[in-house]
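These notes are about the structure you will find just below.
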Amino acid sequence: MFLCACSSINAQDNSSDEQQDFYVLLSNLLKLNSMDYTYTDSDGKKHPDRLKAFKDLERIYIKNIEADMPNKIFSSKRLKIVMYFSYYSKISNSAALQEYLAADLKPIYSANKETFLEILRELPFLLPSNCERLGAYFGHEGKNEEKEKQFVKNNKSIFSKYLGVEQASQCIKYIHSDN
């Protein structure tokens, strides 16, 4: 499913840097090409270099976390990349990326609600991780906890409009979960 979803952001007109970024994202997600991230110790033995892998992912994250259109608007392609990071952070249990997204994802959602929700409808496997990260904003570093109920109240109808009642309800449950 993920490979099909990535095909929608990996268009033919991508630069080689973008293609390399997609390669890195997919390789890390699927745990392929681990030999790209190794170091050799003084005895000549190769070992996994998780920091090098994380730094590569972090570089791509930083490159894509800012809006690529005026008024904090993200193109669908860029928004999918950010949302894939949310998915990756959940399945790989990446605390660092989860923390970044706890602060970054809610403001992105607020400026891009319709596109964000259209992507969740199109790629429902992204729903749990992205809704959890939206909820993580409320309480991230002890901030905004009191705003969670108002956020859900203000967004419940748009969730239902774009996701349908069942998926909207699931998203709200993920927002309320212990993040």
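Each residue of the sequence shown is one higher than the one before, starting from 330 at the first, in my numbering. A virtual CB, placed ideally from N, CA and C, is assigned to each residue, including glycine.
- As DSSP reads the structure, residue 398 sits in a beta bridge with 402.
- Under the 8 Å Cβ criterion, the region 379-391 counts as touching the region 423-430, having at least three qualifying pairs.
- In this structure, DSSP gives residue 352 a helical state, which the three-state scheme calls helix.
- By the C-beta density criterion, residue 438 is buried, having at least 16 other C-beta atoms within 10 angstroms.
- If the five residues before and after residue 444 are omitted, its C-beta is found closer than 6 Å to the C-beta atoms of 405, 408, all from its own chain and listed in chain order.
- Across the structure, residue 385 and residue 455 are spaced so that their CA atoms are roughly 22 Å apart.
- Between residue 373 and residue 367, the alpha-carbon positions lie close to 12 Å from each other.
- For residue 374, the secondary structure class from DSSP, reduced to helix, strand or coil, is coil.
- Taking the Cα positions, residue 441 is about 15 Å away from residue 490.
- Taking the Cα positions, residue 475 is about 27 Å away from residue 447.
- Boundaries of the beta strand (DSSP E) around residue 368: 367-369.
- In the three-state reduction of the DSSP assignment, residue 468 falls in the coil class, being assigned neither a helical nor a strand state.
- Judged by beta-carbon spacing, residue 417 lies beyond the 7 Å limit of residue 460, meaning their Cβ atoms are not closer than that value.
- Distances from the CA of residue 453 to each of 371, 370, 500 were compared; the closest alpha carbon is that of 500.
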